[in-house]
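Residue numbering for the sequence shown follows my numbering, starting at 27 and increasing by one per position.
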Amino acid sequence: MESGFDSHRVLHIIPLGEEIKPIMVGVRNFPIAGFALLHATEKRFEAIDVKKQLEVLGVPITLHEYGGNPMMGIMSVINNIVQGREPLAFDELLINVGAADKHVACAAISAAFVNGIRAIHVMDDKLIPLPVLRFSYRELVSEAKLNILQSLSSGSVGSLAELSEKTGIDKSLLSYHLRGGKDGQGLEELGFVNIDRGAQGRLLIELTHMGKMLLIGRE
Numbered sequence: 027m028e029s030g031f032d033s034h035r036v037l038h039i040i041p042l043g044e045e046i047k048p049i050m051v052g053v054r055n056f057p058i059a060g061f062a063l064l065h066a067t068e069k070r071f072e073a074i075d076v077k078k079q080l081e082v083l084g085v086p087i088t089l090h091e092y093g094g095n096p097m098m099g100i101m102s103v104i105n106n107i108v109q110g111r112e113p114l115a116f117d118e119l120l121i122n123v124g125a126a127d128k129h130v131a132c133a134a135i136s137a138a139f140v141n142g143i144r145a146i147h148v149m150d151d152k153l154i155p156l157p158v159l160r161f162s163y164r165e166l167v168s169e170a171k172l173n174i175l176q177s178l179s180s181g182s183v184g185s186l187a188e189l190s191e192k193t194g195i196d197k198s199l200l201s202y203h204l205r206g207g208k209d210g211q212g213l214e215e216l217g218f219v220n221i222d223r224g225a226q227g228r229l230l231i232e233l234t235h236m237g238k239m240l241l242i243g244r245e
């Protein structure tokens, strides 16, 4: 596969799993200038072993540990990489989920969506480009929408009036930001909030996992 940007310095972000072969498929198909290896707390020694195997390539390698819920942990680690000094040495970031188990891979792909990072998968030693947006999901969220998400981060609300009080946004505008309109998608359609009718018709508005991850990405 022709990468199309062979002169670029690419940082390969790798959520680690059981195999190293998918990592090498990514190396064969894209320029490699460094690795960021992501591993669960309990997999530290396995990550160190993979790092030693990859050192033969002669590029910088960093280890990044996450614990607890992998959806939140992976998102937080990738956000730290994106916001840190590491990307300054590279032209592009690439997330390769081929070595990860399905739950970790799902979290990494979600992080790619939020941060607008190219992502790939590997199956049967073949590279599969994933249809991740080539712009950041964060570009779709205005300051008003971000204010709503941040207000929901402390817990769900039971009415537009309650949310209006927390955000300082008029109820009619809240409805637009939540539901969307002809000229734009709302937070519900974007997948950042869930809106349900609870007991006795009571409205329930809460963050989805994607909404929580978006907030982590904005930290």
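All C-beta atoms in this analysis are idealised placements derived from N, C-alpha and C, irrespective of residue type, glycine included.
None of these values were measured; they are calculated from a predicted model.
Need the endpoints of the alpha helix (DSSP H) that residue i sits in, please.
i	result
Thr193	Leu186 to Thr193
Gly258	Because residue 258 is not part of the residues shown, which for the chain are 27 to 245, the question remains open.
Lys47	Lys47 to Asn55
Ala170	Glu169 to Leu178
Leu233	Here Leu233 belongs to no alpha helix (DSSP H); instead the beta strand (DSSP E) covers Leu229 to Leu233.
Lys197	Lys197 to Arg205
Report back the beta-carbon spacing between residue i and residue j to the nearest angstrom; my notes put them in contact at under 8 Å.
i	j	result
Ile146	Pro157	The Cβ separation is near 11 Å, so there is no contact.
Leu153	Leu37	The pair is not a contact, with the Cβ atoms about 17 Å apart (cut-off 8 Å).
Glu214	Arg205	6 Å
Ile87	Ala137	Not really, about 20 Å apart at Cβ, beyond 8 Å.
Lys47	Asp151	7 Å
Measure the CB-CB distance between residue i and residue j and report whether it falls below 8 Å.
i	j	result
Leu89	Ala73	yes
Lys171	Ala187	no
Ser177	Leu166	no
Leu274	Lys77	Here the chain covers residues 27 to 245 and nothing more, so residue 274 does not appear.
Thr234	Gly217	yes
Ile39	Ile107	yes
Beta strand (DSSP E) containing residue i: first to last residue?
i	result
Asn12	Since the first and last residues shown for the chain are 27 and 245, residue 12 lies out of range.
Leu39	For the record, residue 39 in the displayed sequence is Ile; it is not Leu. Counting along the chain, the beta strand (DSSP E) containing Ile39 begins and ends at Val36 to Pro41.
Leu64	Gly60 to Ala66
- Are the segment 85 to 99 and the segment 58 to 73 in contact at 8 Å, needing three or more beta carbon pairs? With the cut-off at 8 Å, the segment 85 to 99 and the segment 58 to 73 touch.
- Message: Suppose only complete runs of 3+ residues qualify. What are the beta strand (DSSP E) ranges in the segment 76 to 157, listed by chain order?
- Response: If we require 3 residues or more, the beta strand (DSSP E) runs fully inside the segment 76 to 157 come out as 87 to 92, 118 to 122, 144 to 149 and 152 to 155.
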